[in-house]
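Colleague:
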Amino acid sequence: MRRKLSHKRKLNEVEAERDFLRQLVNTLRDSSDDRALQLLGLIRSQAPPAELQLYIKNAMTDGGRQQSPVWADMYDCTRSPSNTIDFHRPSPHRALTIKRLHSSPVYRVPAEPWTSVTESDEFVSHLVSLWLTWSQPFHNWIDRDLFLRDAQAANLNSQCCSPFLMNCILTEACFYSDHPEAYADPTDRNSKGLHFYEEAKRCKAALGKGEAAWWHLGQLRSLAADHTETYSEPATLTPEGRAATNAIWGIYNISVTTSITWMKYLSTTQPDRPHLPCDHGPAETWVPYPRGASPVQSHIACVFNNLCELSTINTDASALVFGSGQIPPPDSLPHTLQEIRARLSRWRDNLPECLTLENVTVPHALTLHMFYHASIMILWGSLKEPGDAAKAGTESITFAAREVCVDAAESFVQLLRIYRAKWGIDYMCLTTVSCLSTALFTLLSELGDPGRKSAFAELCVVARACSRKWPIMKGLMRILQLSAHKNHVSLLPETHALFVDFEATIWERHDHERFKGIYPNPSTLART
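1048 is the number of the first residue of the sequence shown in this note's numbering; add one for each residue after it.
#1: Just confirm the distance between the C-beta atoms of Gln1206 and Asp1192, as a whole number of angstroms; I'd bet it's less than 8 Å.
#2: Do Leu1380 and Ala1348 have their beta-carbon atoms positioned less than 7 Å apart in this structure?
#3: Which class does Val1343 belong to by DSSP, given the choice of helix, strand or coil?
#4: Alpha carbon to alpha carbon, how far is Glu1043 from Glu1159?
#5: In angstroms with no decimal places, state the Cα-to-Cα distance between Cys1325 and Cys1401.
#6: Start and end of the alpha helix (DSSP H) containing Ala1486?
#7: Comparing alpha-carbon positions, which option in Val1061, Ala1340, His1242 and Gln1385 lies nearest Thr1165?
#8: Express the C-alpha separation of Gly1471 and Ser1501 in angstroms, rounding to a whole number.
#9: Alpha carbon to alpha carbon, what distance is there between Ser1209 and Cys1513?
#10: With DSSP as the reference, label Lys1057 as helix, strand or coil.
#11: Let me check one thing: in DSSP terms, what residues is Trp1333 bridge-paired to?
#12: Could you tell me how far apart the beta carbons of Leu1217 and Val1171 are, in whole angstroms, since I believe they sit closer than 8 Å?
#13: Which term fits Lys1057, buried or exposed, when burial requires 16 or more other beta carbons within 10 angstroms of its beta carbon?
#14: If you pair each beta-carbon of the segment 1479-1490 with each one of the segment 1415-1435, do three or more pairs fall below 8 Å?
#15: What number of angstroms, rounded off, separates the C-alpha of Leu1179 from the C-alpha of His1382?
#16: In this structure, does DSSP put Lys1239 in helix, strand or coil?
#17: Where Glu1060 and Phe1067 are concerned, what is the direct C-alpha to C-alpha distance, given to the nearest angstrom?
#18: Would you be able to state if there are at least three C-beta pairs under 8 Å between the segment 1383-1390 and the segment 1354-1367?
#19: Since Leu1538 and Phe1549 are thought to touch, with beta carbons under 8 Å apart, how far apart are those beta carbons, to the nearest angstrom?
#20: Do His1416 and Leu1462 have their C-beta atoms within less than 7 Å of each other?
#21: Please name the residue in His1535, Ala1531, Leu1086 and Glu1228 whose C-alpha comes closest to that of Lys1239.
#22: From the DSSP secondary-structure annotation, give me the bridge partner or partners of Tyr1230.
#23: Given that a residue counts as buried once 16 or more other Cβ atoms are within 10 Å of its Cβ, and exposed if not, what is Trp1309?
#24: Check Ile1519 in the structure and name its three-state DSSP category.
#25: Which residue marks the beginning of the alpha helix (DSSP H) containing Ser1314, and which one marks its end?
#26: Tell me which residues share the same chain as Ala1290 and place their Cβ nearer than 7 Å to its Cβ, disregarding the 5 neighbours each side in the sequence.
#27: Can you give the Cα-Cα distance for Gly1297 and Trp1188, rounded to whole angstroms?
#28: Distance, Cα to Cα, Glu1246 vs Val1350?
#29: Between which two residues does the alpha helix (DSSP H) holding Phe1222 run?
#30: Cutting at 8 Å between CB atoms, please list the residues of its own chain near Gly1285, excluding the five before and the five after it.
#31: Quick check: what's the CA-CA separation for Phe1038 versus Glu1442?
#32: Less than 7 Å between the beta carbons of Val1409 and His1327, yes or no?
#33: Might you give, ordered along the chain, the residues of its own chain that have their beta carbon closer than 8 Å to the beta carbon of Lys1431, omitting 5 neighbours on each side?
#34: Rounded to a whole number of angstroms, what is the C-alpha to C-alpha distance between Trp1181 and Cys1476?
#35: Judging by CA-CA distance, which residue of Trp1427, Glu1356 and Tyr1299 is the nearest neighbour of Pro1399?
#36: Ordered along the chain, which non-local residues of its own chain (more than five positions away) have a Cβ less than 7 Å from that of Ala1551?
In structure tokens, the structure reads:
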């Protein structure tokens, strides 16, 4: 009897999956091009079947059912509880296990003595490989070779690795992994990396206040300044000296990137240290772990040096635009921004050949271009306030600023398409996600143009997929909804079902509390 019931249950599941597949095919066939492209985008972003079902349900209007009676019959049939499989239920087949990875970890690191969360050297190696592949190459604030040397030595007295640092790295790396061990609680999708985070807090207590992120950023900046004053630049650059220079410039870049992104001025001084040598050595390679592919030149030093140059421009721009705590008057700001724009253009035109768009072979190089356009959107966005235009009679300046911002947003969309085609969106670093949100908010107020509608809808699909992985993107999607409602902006019909899906399957009521310490202005997250 038990075997018969098991067989019947499996048969029902197979029938439900078959009906869902037919429903999916018919939806793609009978929907408008815009809706079909959105659904295809969700599929490509690896949305689980439950979210696809909800999207189809909400996207199917009564009018659409009348236009396609065959689809309507299929839709009504497959809505029956007997024909529905519980896709929300955790499945061991959906998680990417270590044994099913396309390739072994690129870097081998022991779990002990760095973390007590897991004893698996394989899993720790997996996470470290993910972090060194997708996160570290852009800001490059940790010397990879010295970090690995000390991590592999398993010596707690080492100079370039510590339990605190390792658990911080493992916390972030969990967001790049779908392995069950990446979750503190495998049944709670919001628990990614929390076990390593708690371990890091035990190593060094967190501040635990609403402005903790901003406070810690200031502490990093002060630490870098103190290190620069205490340790002068050596005549001969040793590996340790290079690592120190790496860290000083890296912290500077992180500080400036965060300052310009959050539109909050942070006083910081350009490091008096040389840039890294960019010699394209044969050992400097990059592979898109965990996917199997041939190694390519990493260009990490090239990206790092040019990010340092971009950061010096953004430091001056942030001081001029946000330094006083208020946006400068519109009669003086355009001249200021023109000077900044000239410097940004020279920076772009002087990029080395290996970093031009035609030659990009690594994701961190593409992220550098994305951050360039995001900086333009943020700075010129300060001129888009209609209130200032009305007071000063500078409508033409406001219009020109809007065009600059929209051009930058559309350029970002083109870059995102390249990124998706080359590497997908599963492993986008946080800087790329931040640039995505900047482009979304830029296009939110420009939905009257059909071409911009399409770009906005495309960004929404990617953002919703990222919101399942990154808590910060989840919060930004919610802010986008609330901003549209507050400013009486009607979101596109094409994205309506997508946001319904977001509220039903991703956003949770207690998420408001989670984001209090993430954003510099958490009041923008209204209670729901």
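Every residue, glycine too, gets a C-beta built ideally from N, C-alpha and C.
Modeller: Walking through what the data contain:
#1: Gln1206 to Asp1192, Cβ: 13 Å. No contact.
#2: Taking 7 Å as the cut-off, the Cβ atoms of Ala1348 and Leu1380 do not count as close.
#3: Val1343 falls in the strand class under three-state DSSP.
#4: Any property of residue 1043 remains undetermined from this structure, which presents the chain solely from 1048 to 1575.
#5: Distance between Cys1325 and Cys1401, taken at the CA atoms: about 11 Å.
#6: Per DSSP, Ala1486 belongs to the alpha helix (DSSP H) from Leu1477 to Leu1491.
#7: Closest by alpha carbon: His1242.
#8: Going by C-alpha positions, Ser1501 is about 20 Å away from Gly1471.
#9: Going by the C-alpha atoms only, they are around 30 Å apart.
#10: DSSP places Lys1057 within a helical segment (H, G or I) once states are collapsed to three.
#11: In DSSP, Trp1333 forms a bridge with Val1343.
#12: The beta-carbon separation of Leu1217 and Val1171, rounded to 7 Å, stays under the 8 Å limit for a contact.
#13: The residue in question, Lys1057, is exposed, as its Cβ has fewer than 16 Cβ neighbours within 10 Å.
#14: Counting C-beta pairs closer than 8 Å gives three or more between the segment 1479-1490 and the segment 1415-1435, which meets the contact rule.
#15: Taking the straight line from one Cα to the other gives about 41 Å.
#16: Correct three-state label for Lys1239: strand.
#17: For Glu1060 and Phe1067, the distance between alpha carbons rounds to 10 Å.
#18: Enough Cβ pairs lie closer than 8 Å, so yes.
#19: Rounded to whole angstroms, the Cβ separation of Leu1538 and Phe1549 is 11 Å, and the two are not in contact under 8 Å.
#20: Yes. Within cutoff.
#21: For the residues His1535, Ala1531, Leu1086 and Glu1228, the minimum Cα distance to Lys1239 belongs to Glu1228.
#22: Answer is Lys1239.
#23: Under this definition Trp1309 is a buried residue.
#24: Reduced to three states, the DSSP call for Ile1519 is helix.
#25: Bounds of any alpha helix (DSSP H) do not take in Ser1314, whose DSSP letter is neither H nor E.
#26: Result list for Ala1290: Asp1190, Leu1193 and Cys1207, in chain order.
#27: CA-CA distance, Gly1297 to Trp1188, rounds to 4 Å.
#28: So the two alpha carbons sit approximately 32 Å from each other.
#29: Neither: Phe1222 is in no alpha helix (DSSP H) and is coded neither H nor E.
#30: Inspection of the sequence shows that residue 1285 is occupied by Thr rather than by Gly. Same-chain partners within the cutoff: there are none.
#31: Not covered by the structure: residue 1038. The range shown for the chain is 1048 to 1575.
#32: By the CB criterion at 7 Å, Val1409 and His1327 fall outside the cutoff.
#33: Same-chain partners within the cutoff: Thr1445, Ala1448, Arg1449, Cys1452 and Ser1492.
#34: Those two C-alpha atoms are separated by around 6 Å.
#35: Closest in alpha carbon position to Pro1399, among Trp1427, Glu1356 and Tyr1299, is Glu1356.
#36: Counting only Cβ-Cβ distances below 7 Å, and skipping sequence neighbours, we find Leu1101.
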